[in-house]
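With my numbering as the guide, the letters of the sequence shown map in order to residues 221 to 495.
From the three backbone atoms N, C-alpha and C, an ideal C-beta is built for every residue, glycine too.
In what follows, a structure is listed as structure tokens, so that the remarks can point back to it.
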Amino acid sequence: MGLSFLPQQPMILSIWRSPHGALLGTALALVAAFPATAATFSITDITGTWTGIDGNPWYSSGMGTLNIRWGAAATTSGPSGFNFTAASDVTIGSGDQFILGELTHLNFPIWSGTGADGADLALAMTIDGIVQTFNYSFTIDETPNNVALANCPIFQISTVPCDDKIDFTSPFSLATFTKGNANYTLELLGFSRTVDAFNPVTSFITEEYKASSGFLVGRLVVDPQTVAIADPEPQPNPEPQPVPEPTSLVAMLLTGLGGKGLKRHQAARRSSKAA
């Protein structure tokens with residue numbers, strides 16, 4: 221039976237109304253200020269290296285290579301593991317889906333206590349002439365093989381106890397790079413049955429005693445955590461206030477003196493009336 225894909229889970233959208241409406245509106249305005257034209261990237265020299273494993277270190281091998289193994293083999297088929305085969309060079313736009321490589325899962329019986337719960341993959345590639353590396357973790361749902369089919373996990377598909385399931389823990393890497401006035405990162409979208417990268421799913425299932433493959437799909441997107449905002453446009457200098465001409469100064473002085481004289485004259489008249 222080989223590779224089986226889980227149906228994509230529905231995406232649930234919710235609307236959050238910020239109590240700080242003005243700040244939210246400002247943030248949206250800043251995002252809208254970015255040009256709509258998609259950036260273009262030249263991607264070459266893709267490689268995939270397994271850098272770590274979450275399991276018994278005595279029964280794992282292949283760290284630092286394209287192929288990793290774990291578990292003490294219970295049959296002549298060998299241990300379980302992952303193989304990664306990198307894809308060819310490609311030129312894409314931001315947000316375009318593309319194939320990073322082919323991930324093969326070897327699901328062979330291994331002895332209890334020698335399995336693995338996860339493995340770490342470093343995806344390196346040259347983007348516009350600069351090497352970038354993105355790190356991801358895959359989870360491995362190792363299942364028992366000596367149980368009745370009815371006792372297999374809910375994701376069981378085949379008629380052979382029990383299928384194993386592969387997921388990745390987060391679609392985003394912590395690594396980013398800058399192009400133009402935005403920071404970009406590599407987003408993993410999932411696994412595709414075909415090399416056209418259509419309809420990727422986030423999990424796939426492999427039947428026991430089988431080796432199965434899926435194409436790893438990703439895209440370069442503006443990093444959701446950090447956006448490099450361009451420097452604000454310089455504001456024009458305020459209009460200079462007019463400097464009074466000398467004649468105006470004389471008029472102001474005379475007006476001031478006249479006002480004081482008028483006050484003295486009025487005070488004198490009030491005094492004479494009182495007398």
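With fewer than 16 other Cβ atoms inside 10 Å of its own Cβ, tryptophan 331 counts as exposed. With the rule of 3 Cβ pairs closer than 8 Å, the stretch 400-407 does not count as touching the stretch 368-387. Nearest neighbour of asparagine 366 by Cα position, chosen from Ile288, Val380 and Phe418, turns out to be Val380. Nearest to tryptophan 270 by C-alpha distance, out of Asn355, Val351, Leu436 and Lys385, is Asn355. Looking at the DSSP output, glutamate 322 bridges to Thr305 and Phe435. Here the alpha carbons of tryptophan 290 and asparagine 327 stand approximately 10 Å from one another.
For the 7 Å CB-CB criterion, phenylalanine 424 and isoleucine 386 form a contact. Annotated as distal: leucine 440 and serine 357, with beta-carbon spacing of 7 Å or more.
In the DSSP assignment, glutamate 407 forms a beta bridge with Phe392 and Arg439. Per DSSP, asparagine 419 has no beta bridge partner at all. Pairing glycine 438 with leucine 323 gives a Cβ-Cβ distance that is not under 7 Å.
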